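Visitor: Before I ask anything, here is the structure I am working with.
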Amino acid sequence: MILSVQRLVHRALADAIRRQYGLADVPHFSIEVPPTRALGDLAVPVAFQLARTLRKAPRAIAQELAQALGPIPGVTRVEPAPNGYLNLYLDRRAYLLPRVRQQVAAEAAATEKTIVEHTAINPNKAAHIGHLRNAALGDTLGRVLRFRGTPVEIQNYIDDLGVQVADIIVGFHDIEHRSLDEVRHIAGTTRFDYYCWDLYSRVTGWYDESPNHQAARARVLHELEHAGAGNSDTVALGNVIVDRIVRAHLATMARLNIAYDLLTYEGDIVRLKFWAHAFETLKAQGAIYLQTEGKLAGCWVMKIEEAAADAIGADGAEPARPGEDEAREKVIVRSNGVVTYIGKDLANQFWKLGLLGHDFHYKRFGTQAGGRALWSTTSGTTDPNAPAFGRAAWIYNVIDSRQMYLQALLSQALRALGHAQEAERSIHFSYEMVALSHATARELGYEPHEGPAGPGDVDAKKPFVEVSGRKGLGVKIDDLLDLLTNKAAAEVAKRNPEFSQDECRRVGSQIAVAAIRYFMLKYSRGKLIVFDIEEALSFEGETGPYLQYAAVRANNIFHKLQEREHLSEADVLGGLEALSTEELDDDGEAHTLWAVAFEASRLDEVVEQVVRSLEFSGLAKYAFGLAQLFSAFYHRYPILNEEQADRKRWRAAGVAYFRMQLTRALDLMGIEVPSRM
RNA sequence: GCGCCCGUAGCUCAAUUGGAUAGAGCGUCGGCCUCCGGAGCCGAAGGCUACAGGUUCGAGUCCUGUCGGGCGCACCA
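Just so we're aligned: the first sequence equals residues 218 to 894 in our numbering.
This is the structure in structure tokens:
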């Protein structure tokens, strides 16, 4: 934990600048990490920034500042570099002692309540790798925010009234002609989410057979929306399907160490009249209006402002060109009275921000790993023991970039109602989609189509194949996890013959989760992932299992220390004061104990950076780099077999610290460290 | 047509709010287990950061334009 030291240095330096140059306003400057330890532990490029206003060479400024800077506790040396950097060297012993013992107080926490909504899979089929990226990003976002002290509420939106659910109902009802009881039976005796996966792709084909078939969807959709207190078969069927699929999704996510606080059902938004309230407000403010002519006659619509482009982040948008094009409008309520998804989501966002003036009813849905409670909205009676949900100061909606347009509309609506700050704090956590490599699509039985591609065909000319739930084209998360787990378990069995089959499977599944979650996090958000099975199945190089392996090795050192010398981690950490610190002096070499321990201490800084940029690849790369550093150290310097006792103890302490910090970093990514692997 | 994203080693990607010599993994080639676990370590080769201008002490990063690829712009979500 390096932030406290950075802050100290920043303050001391700002004071020095004020004193030395009589500047009232010290420009913003950052504290960086020099490229090598030989150049120091902290670096400040502030001399470059001052050069212009002071009309002096950066080098001269750095030298003056080094002189002007009084002693800083914990800093042994300040070195003005020839190029103008100011490099600082830490008192290594003083830095490490409290850190390896976790005695450094956490920085002041950010306490404003934050909601992270992620996963939100249509409850009509099995979850696939596209959903996986969403959940992996969302879950990590929640963990990272919590790490720095932010109160976080994780919500999973369940669109139980949407077109996709309607489609699967149509599948059971109009294609398979199933009764409610038959569907219940299927749900109880099959892998239901897989069953629906196949059925869903058949529905798409069925719609294409006859224009009349489309009418079935509209009928079901309307019935779901206006169910009220009535209990039509359609509604009952929908309830059964949604409930079973939601539970399947939760089970899949639980395998990945992903849990939630609240399931928000779209149905409850309708039944509790959330939409009606939002509708009144929107109407009253003129944000939406009834279109009376043109092809949208009879719909309640929202005007799409040119300024929506601003919401997306583009500046310099041209002013609206009068007369060039009719104003574009987004349908909020269809002409048949059914509210679109965006209308209901609007009400949901209002609620999340505490702007709606109404609350859901809640019921306990179940218990997740570690005893964490899962709650669900309901329109029935509410549980008085339910925690306070909603009313957040910040909202993150984890949704892929294809929905940017809709998210911009939500933001526009908030501003139209005078909630500019809420719009600002309602953040679309956007990321690119996951597609399939041609090789993987082929493995799934989809041949690329030469020449002009028809609907449902895989285009050979495109560099990737788009995942499509509609076509049933995609890799299911559970299949992928099974594949990875089997492979890992076999490897574990080979390396640990004394393990039981259960142990192999348990560790194998931990490794599988590491592989897949790391894979999803190592790319930056803006990068489209072309998913290739072969690549995802790798356990070598920059992969989750490599990171686990490094941590397991560190574990083993302490197992052996205990076994051979009856020395515990606490023993090692407890006796450090008395030791000589030769081991910590290394002239800035690359793979030493100091290099590893210092890097390990940077976790809090990395987390801050990650939260600022919402870029988790930074966390993944940091953890990987740390593991690499340790691996090199491990090969170079013996620990158990080191003869010089003081060096040995310090090395062991460094290993303990490394293990602790890497384990925390992995935890932020939802990855566990097995005791052996 | 308009908006957004992407273009960095053979391939897949990093590169801290603009900062020190553009770094990893995979692949290729060559080394390393009598010694804490080889899911590992060490080394080599591999780059006009798509292109052209501009801003800056400093540009892979910011601005303008061009080219290439992707995604959006539904009474789907």
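Backbone N, C-alpha and C fix where the C-beta goes; we use that ideal spot for every residue, glycine too. Please read these numbers as outputs of a predicted model, since none were measured by experiment.
Measure the beta-carbon distance from Ile332 to Lys569 and round it to whole angstroms, keeping in mind my assumption that it falls under 8 Å.
Guide: Yes, they are in contact, since the Cβ atoms of Ile332 and Lys569 sit about 5 Å apart, within 8 Å.
Visitor: Restricting to Cα atoms, I'd like to know which of Leu267, Pro252, Gly761 is closest to Val243.
Guide: Comparing Cα positions, the closest option is Leu267.
Visitor: What three-state label does DSSP hand Gln372 in the structure shown?
Guide: Residue state, collapsed to three classes: strand.
Visitor: By alpha-carbon positions, which one of Cys516, Gly511, Leu314 ends up nearest to Ile175?
Guide: Absent from the structure is residue 175, since the part of the chain shown begins at 218 and ends at 894.
Visitor: Suppose you measure from the CA of Glu757 to the CA of Asp425; what does that come to, to the nearest Å?
Guide: Those two C-alpha atoms are separated by around 46 Å.
Visitor: Nearest to Tyr839 by alpha carbon, out of Pro855, Ser892, Arg819?
Guide: Of the listed residues, the one whose Cα sits closest to Tyr839 is Arg819.
Visitor: Identify whether Tyr411 lies in helix, strand or coil by the three-state DSSP scheme.
Guide: Note: Tyr411 maps to helix in three-state DSSP.
Visitor: Count the other C-beta atoms from every protein chain shown that fall within 10 angstroms of the C-beta of Ala499, then say buried if there are 16 or more, exposed otherwise.
Guide: It is worth fixing the name first, because residue 499 is Leu in this sequence and not Ala. Per the 10 Å Cβ criterion, buried.
Visitor: Taking all protein chains shown into account, do 16 or more other C-beta atoms lie within 10 angstroms of the C-beta of Asn614, making it buried, or fewer, making it exposed?
Guide: So Asn614 counts as buried.
Visitor: Would you list the one or two residues that DSSP bridges to Asn300?
Guide: Asn300 is not bridged to any residue.
Visitor: When you compare only the Cα positions, how much space is there between Ile733 and Val295?
Guide: Cα to Cα, the separation comes out at about 44 Å.
Visitor: Cutting at 8 Å between CB atoms, please list the residues of its own chain near Val828, excluding the five before and the five after it.
Guide: Excluding residues within five positions, the ones whose Cβ falls inside 8 Å are Val361, Leu362, Arg365.
Visitor: Considering only the alpha carbon of each residue, which of Ala603, Asn553, Trp611, Gly583 lies closest to Gly571?
Guide: Taking only the C-alpha atoms, the option nearest Gly571 is Trp611.
Visitor: When the distance is taken between beta carbons, is Gln372 closer than 9 Å to Leu480?
Guide: Yes, these two residues count as a Cβ contact at 9 Å.
Visitor: Taking the C-alpha atoms as reference points, what is the distance between Ala337 and Ala710?
Guide: Cα to Cα, the separation comes out at about 37 Å.
Visitor: Let's test the definition: count the other Cβ atoms within 10 Å of the Cβ of Ile219 and tell me whether it reaches 16, buried, or not, exposed.
Guide: Buried.
Visitor: Can you have a look at Glu816 and say buried or exposed, based on whether 16 or more other CB atoms are within 10 angstroms of its CB?
Guide: Answer is buried; the Cβ neighbour count reaches 16.
Visitor: Looking only at its chain, what residues have a beta carbon closer than 7 Å to the beta carbon of Ser892, apart from the 5 residues adjacent to it on each side?
Guide: The answer, listed in chain order, is Asn772.
Visitor: Identify the continuous alpha helix (DSSP H) that holds Ala352 and give its terminal residues.
Guide: Counting along the chain, the alpha helix (DSSP H) containing Ala352 begins and ends at 346 to 364.
Visitor: Would you mind sorting Glu370 into buried or exposed? The rule is 16 or more other CB atoms within 10 Å of its CB.
Guide: By the 10 Å Cβ count, Glu370 comes out buried.
Visitor: How would you call Arg269, buried or exposed, if buried means at least 16 neighbouring beta carbons within 10 angstroms?
Guide: Exposed: under 16 other Cβ atoms inside 10 Å.
Visitor: Using a 10 Å radius around the Cβ and a threshold of 16 neighbouring Cβ atoms, would you call Asp785 buried or exposed?
Guide: In the sequence as displayed, the identity of residue 785 is Ser instead of Asp. Counting Cβ neighbours within 10 Å, Ser785 comes out exposed, since fewer than 16 surround it.
Visitor: Determine the direct distance from the alpha carbon of Asp410 to that of Ile403, and round the result to whole angstroms.
Guide: Cα to Cα, Ile403 sits roughly 11 Å from Asp410.
Visitor: Are at least three pairs of beta-carbons, each pair with one atom in the stretch 387 to 402 and one in the stretch 350 to 359, less than 8 Å apart?
Guide: Because the criterion of three Cβ pairs below 8 Å is not met, the stretch 387 to 402 and the stretch 350 to 359 do not touch.
Visitor: Which ranges would you report for the alpha helix (DSSP H) in the stretch 464 to 523 if only whole runs of at least 4 residues count?
Guide: Qualifying alpha helix (DSSP H) stretches, in chain order: 483 to 488, 491 to 501.
Visitor: Note the first and the last residue of the continuous beta strand (DSSP E) segment covering Leu653.
Guide: Element bounds for Leu653: 651 to 653.
Visitor: Which residues in the same chain have their Cβ closer than 7 Å to the Cβ of Met877, if we skip the five residues on either side of it in sequence?
Guide: Excluding positions up to five away in sequence, the list is empty.
Visitor: Taking only three categories from DSSP, how would you classify Thr595?
Guide: Note: Thr595 maps to strand in three-state DSSP.
Visitor: Grab the span of the beta strand (DSSP E) containing Gly583 for me, first residue to last.
Guide: Taken as a continuous stretch (DSSP letters only), the beta strand (DSSP E) holding Gly583 covers 578 to 584.
Visitor: So the candidates are Tyr477, Val548, Tyr482; which of them puts its Cα closest to the Cα of Gly511?
Guide: It is Val548 whose Cα lies nearest to the Cα of Gly511.
Visitor: If you draw a straight line from the C-alpha of Ala692 to the C-alpha of Met650, how long is it?
Guide: With the sequence shown as reference, residue 692 is identified as Val, and Ala is not the correct amino acid for it. So the two alpha carbons sit approximately 14 Å from each other.
Visitor: Which of the three DSSP states is assigned to Leu573 in this structure?
Guide: Coil.
Visitor: Using DSSP with H/G/I as helix, E/B as strand and the rest coil, what is Glu249?
Guide: In the structure shown, Glu249 sits in a strand (DSSP, three-state: E or B).
Visitor: Within the same chain, show all residues whose beta-carbon is closer than 7 Å to that of Val317, passing over the 5 residues directly before and after it, in chain order.
Guide: These residues qualify, in order along the chain: Leu790, Ala870, Ala873, Tyr874.
Visitor: Please state whether the Cβ-Cβ distance between Ile486 and Lys580 is less than 9 Å.
Guide: Taking 9 Å as the Cβ cut-off, Ile486 and Lys580 do not qualify as a contacting pair.
Visitor: Within 10 angstroms of the Cβ of Asp376, are there 16 or more other Cβ atoms? Answer buried if so, exposed if not.
Guide: Result: buried.
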